[in-house]
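2 protein chains.
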Amino acid sequence: MTPVEPLAAGEHARRLAATRTEMERQDVDTLVVGPSTDLRYLTGFDVKPSERLTVLVLPRDGAPRLVMPEFELPTAAHLPDLVERVGWKDGEDASAVACGLFATGEGRPPRVAFSAQLHARFLVGLLDAGLRAELVDGDVVLAPVRVRKSPFELDALRRASGVADRVVEELAAHGFRGASERDVVRTIQELLAAHGNEPVGSGLAAFGENSASPHHHPSERILAAGDTVILDFGGASDGYRADLTRMFQFGEPDPEVRRVHAIVDEANQLAFEAVRPGVTAAEIDAVARRHIDDSGLGEHFTHRTGHGIGLDVHEPPYIVAGNTTALEPGMAFTIEPGVYFEGSFGVRVEDVFLVTDDGAERLNTSSHAIRVVD
Amino acid sequence: MTPVEPLAAGEHARRLAATRTEMERQDVDTLVVGPSTDLRYLTGFDVKPSERLTVLVLPRDGAPRLVMPEFELPTAAHLPDLVERVGWKDGEDASAVACGLFATGEGRPPRVAFSAQLHARFLVGLLDAGLRAELVDGDVVLAPVRVRKSPFELDALRRASGVADRVVEELAAHGFRGASERDVVRTIQELLAAHGNEPVGSGLAAFGENSASPHHHPSERILAAGDTVILDFGGASDGYRADLTRMFQFGEPDPEVRRVHAIVDEANQLAFEAVRPGVTAAEIDAVARRHIDDSGLGEHFTHRTGHGIGLDVHEPPYIVAGNTTALEPGMAFTIEPGVYFEGSFGVRVEDVFLVTDDGAERLNTSSHAIRVVD
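Residue numbers (my numbering), protein chains in the order written: chain A, 4 to 377; chain B, 4 to 377.
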């Protein structure tokens with residue numbers, strides 16, 4: 004058994020070819036990809052980063068080679084045929100081995116792109132080993148490729164979101180009396196796994212005043228009467244992530260919570276209705292933000308409207324001011340406006356959407372209504 | 004509740020002061036630390052890396068500042084007083100915010116060190132934002148600091164290893180009949196948690212021919228009669244890791260397995276006996292390797308002898324050829340010689356050791372004997 008995942012025939016070849024095309028377009032001579040979702044995307048090799056160098060070196064015109072510790076080669080036994088494996092031994096200079104595989108720049112310093120999550124120690128190590136290059140963010144090459152999902156990827160995203168929706172409905176029936184935030188997160192992860200999602204990602208449960216911290220870390224805080232509750236979770240199917248946020252309330256919600264929730268939900272809906280090919284990511288953010296601004300709550304909407312989703316739970320396209328990326332069919336991202344009152348409560352409503360030929364498909368089907376639990 | 008851990012008074016101040024001293028020694032003007040064990044070590048802030056910039060910027064002479072998303076500031080509410088928090092908003096240029104906090108080089112390009120696990124996207128982002136600097140591996144500064152453990156850290160390492168030893172003994176009584184490698188890893192993680200270790204780290208169980216792959220990824224392979232079994236695991240206490248490897252056998256071992264195990268165990272013991280202040284890491288590796296070479300098995304010992312251990316399961320000092328680091332009291336590392344026969348079986352014996360004033364303390368007390376299970 005190896006951590007190399009099988010995929011539909013040709014899927015990796017297609018991804019590598021699209022990456023080469025983008026390297027041409029961006030005039031990048033070599034792409035260096037460390038253990039990350041980028042490596043998994045290109046080769047199926049799903050391995051954690053360590054202090055030992057493991058990188059895919061992809062010269063614009065040469066063969067892709069995976070440089071890795073020799074004694075770990077058995078773990079990469081089932082790589083696609085198109086990737087050659089190059090082992091290095093403990094005590095050898097791994098950076099020098101990798102450097103020897105780079106494309107030259109033909110009369111100028113080569114432009115070398117590094118995958119976004121490559122650990123800095125390896126980038127600095129390659130420079131120390133003599134690499135002279137113009138350094139480029141790997142997302143310049145990989146984002147335009149990964150952002151366009153294949154039918155295989157869209158299916159996985161749909162499956163993952165479907166499971167998250169089922170878990171929402173079960174949680175509503177579950178009741179949280181006496182539970183802590185951590186207890187609820189544990190229940191969520193168990194339900195995700197029971198319905199077939201990989202329980203990856205940390206999951207978020209925020210009770211009462213904690214719901215005003217958008218990225219709250221679940222604590223031992225016990226649910227109390229009157230608490231507004233934010234649950235934000237997803238898991239993954241074949242590595243492709245789900246991510247949704249729903250509101251719960253312990254006892255009947257305060258009218259102010261209902262009023263804010265209605266405004267946030269309208270912002271979610273208006274942004275959804277604005278999605279179609281050719282509209283920019285920034286415009287979607289602006290639609291959601293304008294509605295919340297017009298409702299007098301603008302200063303409490305403290306984050307971007309959403310993020311792309313795929314093998315990473317956060318990836319391009321980011322739905323944020325300044326992002327001029329024009330939406331295209333096959334892009335997938337969240338819309339998740341939120342409004343937060345420090346020390347009191349917060350509200351967020353989040354779904355995943357796919358861009359279609361003439362609009363958008365909402366992958367999450369569970370109701371946005373506040374679920375009253377006791 | 005926040006992900007900032009409380010520590011003994013003065014522990015973080017001591018660590019930051021030692022880091023500044025090392026920056027002076029290495030002529031480093033600014034240290035940039037991303038979400039990682041380095042950040043946890045210096046500030047107690049234990050947060051996962053994301054696509055949004057979060058970095059501690061430590062100029063040689065100025066105040067340490069944590070640059071992070073403004074809407075996540077509540078999660079860092081309990082940072083040590085000595086660290087100032089600087090928020091940036093979605094849509095702002097976070098790299099530019101961070102760059103403005105760097106020390107200048109006073110007439111030369113500044114030397115800027117980046118923590119080893121910082122994601123390359125942020126290093127490239129800082130360069131794109133105008134940083135002109137000599138890039139330095141952060142371990143040049145942080146390794147000499149982290150490698151010398153405080154009494155607080157030594158206590159945590161002892162606790163973590165003690166729990167791992169208890170789990171070894173319970174596993175021996177447990178029996179694995181009908182279990183897969185993944186089942187055994189799940190049992191290990193449950194037992195580690197039950198005895199008080201954080202079940203971090205993936206844990207390794209390798210049956211039969213899989214035991215010949217030193218970093219095998221646990222599979223659905225079911226234990227079969229005659230299988231040699233490698234179990235390698237640890238968890239953590241207050242973040243400080245345990246890491247031990249013990250051999251099991253389903254039914255009576257083949258005499259050849261016993262012979263190889265005895266040689267590997269002797270190599271472990273000889274390396275242990277060689278540890279004392281002043282000896283280099285490379286010498287410890289050489290002691291273990293020489294014994295296995297002399298036994299005619301040298302070509303099957305395919306990795307270094309060990310690695311430092313602390314908040315990371317692999318950290319300096321690496322016990323490997325070429326590492327001239329002289330051992331000092333307070334250093335902690337594994338000794339884990341191994342011998343592997345592809346397609347057949349492998350053997351490894353691993354403990355954690357602390358360097359003392361006149362030798363070494365073995366933290367693991369569980370027997371190295373092959374445990375016969377059925």
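Every residue gets a Cβ at the ideal spot worked out from N, C-alpha and C, and that includes glycine. These numbers come from a predicted model, not from an experiment.
Can you give me the Cβ contacts of Met4(A) inside the same chain, cut-off strictly under 8 Å, excluding the 5 residues immediately before and after it? Note on Met4(A): pLDDT 40, under 50, position unreliable in the model; no value is reported.
Glu54(B) touches chain A at which residues, Cβ-Cβ below 7 Å? Those within 7 Å of Glu54(B) in chain A are His317.
Per DSSP, Phe253(A) forms a beta bridge with which residues? Phe253(A) is bridged to Val376(A).
If I'm right that Ala285(B) touches Ala324(B) with Cβ under 8 Å, what's the distance once you round it to whole angstroms? Right, the Cβ-Cβ distance comes to about 6 Å (below 8 Å), so this counts as a contact.
Classify Ala176(A) as buried or exposed, calling it buried when 16 or more other Cβ atoms lie within 10 Å of its own Cβ. Burial call: exposed.
I want to see whether chain B comes within less than 8 Å of Thr33(A), judged by CB atoms only; does it? The beta carbon of Thr33(A) sits no closer than 8 Å to any beta carbon of chain B.
Return helix, strand or coil for Glu212(A), following the three-state DSSP convention. Note: Glu212(A) maps to helix in three-state DSSP.
Any idea if Lys152(A) is buried or exposed, counting beta-carbon neighbours within 10 angstroms, 16 or more meaning buried? With at least 16 other beta carbons inside 10 angstroms of its own, Lys152(A) counts as buried.
Residue range of the beta strand (DSSP E) that includes Ala363(B): Going by DSSP, Ala363(B) is part of the beta strand (DSSP E) stretching over 363-365.
Under 8 Å between C-beta atoms of Leu2(B) and Asp168(B): Absent from the structure is residue 2(B), since the part of chain B shown begins at 4 and ends at 377.
Which ranges would you report for the beta strand (DSSP E) in the region 336-366 of chain B if only whole runs of at least 3 residues count? For the region 336-366 of chain B, whole beta strand (DSSP E) runs of length 3 or above, ordered along the chain, are 341-344, 348-351, 354-358, 363-365.
Examine the Cβ distances between the region 205-224 of chain B and the region 182-189 of chain B and report whether three or more of them are shorter than 8 Å. A contact exists between the region 205-224 of chain B and the region 182-189 of chain B.
Interface residues of chain A facing Arg292(B) [CB-CB closer than 9 Å]: Chain A residues near Arg292(B): none, gap ~10 Å exceeds 9 Å.
Under 8 Å between the Cβ atoms of Ser164(B) and Leu34(B)? No.
Can you say whether Asp142(B) is buried or exposed, counting buried as having 16 or more other CB atoms within 10 angstroms of its CB? Looking at its Cβ environment, which holds 16 or more other Cβ atoms inside 10 Å, Asp142(B) is buried.
Indicate whether Phe48(B) and Leu69(B) have their beta-carbon atoms separated by less than 8 Å. If you check the CB distance, Phe48(B) and Leu69(B) come in under 8 Å.
When you compare each of Val342(B), Leu273(B), Leu59(B) to Asp41(B) by their alpha carbons, which one comes out closest? Closest by alpha carbon: Leu59(B).
Hey, does His306(B) have any beta-carbon neighbour from chain A nearer than 8 Å? Yes, because at least one Cβ of chain A sits closer than 8 Å to the Cβ of His306(B).
Could you please give me the residues that DSSP links to Met71(A) through a beta bridge? Gly90(A).
Does Pro217(A) get closer than 8 Å to chain B when you measure Cβ to Cβ? Residue contact with chain B for Pro217(A): present (Cβ-Cβ distance below 8 Å to some residue of chain B).
Is there at least one Cβ from chain B nearer than 8 Å to Met4(A)'s Cβ? Caution is warranted here: a pLDDT of 40 is assigned to Met4(A), below 50, making its placement in the model unreliable, and the coordinate value is therefore given only provisionally. Closer than 8 Å to some Cβ of chain B, the Cβ of Met4(A) qualifies, so yes.
Taking contact to mean at least 3 C-beta pairs separated by less than 8 Å, is the region 350-363 of chain B in contact with the region 288-297 of chain B? Three or more beta-carbon pairs separated by less than 8 Å are not found between the region 350-363 of chain B and the region 288-297 of chain B, which leaves the two stretches without contact.
Backbone secondary structure at Asp64(B) - three-state DSSP: If DSSP states are grouped into helix, strand and coil, Asp64(B) belongs with coil.
Is the number of C-beta pairs between the region 332-345 of chain B and the region 306-320 of chain B that are closer than 8 Å three or more? With the rule of 3 Cβ pairs closer than 8 Å, the region 332-345 of chain B counts as touching the region 306-320 of chain B.
Residues of chain A with a CB under 7 Å from the CB of Val323(B): which are they? Here the neighbours are Asp93, Gly94.
Can you pull out the residues from the region 96-121 of chain A whose beta carbon lies closer than 8 Å to at least one beta carbon of chain B? Taking 8 Å as the Cβ-Cβ cut-off against chain B, the residues of the region 96-121 of chain A that qualify are Phe117, Ser118, Ala119, Gln120, Leu121.
Around the C-beta of Ala270(B), are 16 or more other C-beta atoms found within 10 angstroms, so that it is buried, or is it exposed? Buried, because 16 or more other Cβ atoms sit within 10 Å of the Cβ of Ala270(B).
Boundaries of the alpha helix (DSSP H) in which Phe117(A) is found, first to last residue: In the DSSP assignment, Phe117(A) falls outside any alpha helix (DSSP H) and lies within the beta strand (DSSP E) extending over 114-117.
Return the Cβ separation of Pro38(B) and Thr57(B) in integer angstroms, given the expectation that the two are a contact with Cβ distance under 8 Å. Cβ atoms of Pro38(B) and Thr57(B) come within 8 Å of each other, at about 5 Å.
C-alpha distance - His294(A) paired with Asp64(A), whole-angstrom precision: If I take the Cα positions, the gap works out to 49 Å.
So is Arg180(A) buried or exposed if we call it buried at 16+ other beta carbons inside 10 Å? Counting Cβ neighbours within 10 Å, Arg180(A) comes out exposed, since fewer than 16 surround it.
Listed in chain order, which residues of the region 126-137 of chain A have Cβ atoms closer than 8 Å to some Cβ of chain B? For the region 126-137 of chain A, the set of residues with a beta-carbon nearer than 8 Å to any beta-carbon of chain B comprises Leu126, Val127, Gly128, Leu130, Asp131, in chain order.
For Ala1(B), I'd like the list of residues in its chain whose CB is within less than 8 Å of its CB, leaving aside the five on either flank, ordered along the chain. Only positions 4 to 377 of chain B appear in this structure, which leaves residue 1(B) out of reach.
Limits of the unbroken beta strand (DSSP E) element including Val35(A): Unbroken beta strand (DSSP E) run through Val35(A): 33-36.
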